[in-house]
Structures are given as C-alpha cells and as structure tokens.
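Numbering (this note's numbering), first residue to last: 14 to 73. Beta carbons: idealized from backbone N, C-alpha and C, even for Gly. Everything on this sheet refers to the single structure shown next.
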C-alpha cells in the first residue's frame, strides 16, 4: 500500500512539475523573434517534448 501511495505522489509531482516548466518556458521565451523559422523550431521542440512526456508517463 505504501509503495502505491509513493508511486501516485511521484506521478502527481511529475505532472505538476511539467506544467510549471511549460508555463515558465512560455513566460521566459524571447519576445523579439519574428523569424518564421524560429516559430517552426519552437513548435517542433514543444511537440518533441510532449511526445517524450507521453512516453515516460505511460511507462510509469
């Protein structure tokens, strides 16, 4: 029972930490970029980050 509680706590803390990291990434992002190439790079890196998060979330 204790192991299950620790696992649930870990999953919730990882989820909250991920949300905080995503919010901070957008808040601390550079505001002066207008190059369309930089926008596509941002979205591709976000997509890759979310794919990795889904993979690790499902394996827990």
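Bounding residues of the alpha helix (DSSP H) (the contiguous stretch that carries residue i)
{"i": "residue 23", "result": "15-40"}
Through-space distance from residue j to residue i, alpha-carbon basis
{"i": "residue 19", "j": "residue 31", "result": "18 angstroms"}
{"i": "residue 15", "j": "residue 38", "result": "34 angstroms"}
{"i": "residue 42", "j": "residue 17", "result": "37 angstroms"}
{"i": "residue 40", "j": "residue 34", "result": "10 angstroms"}
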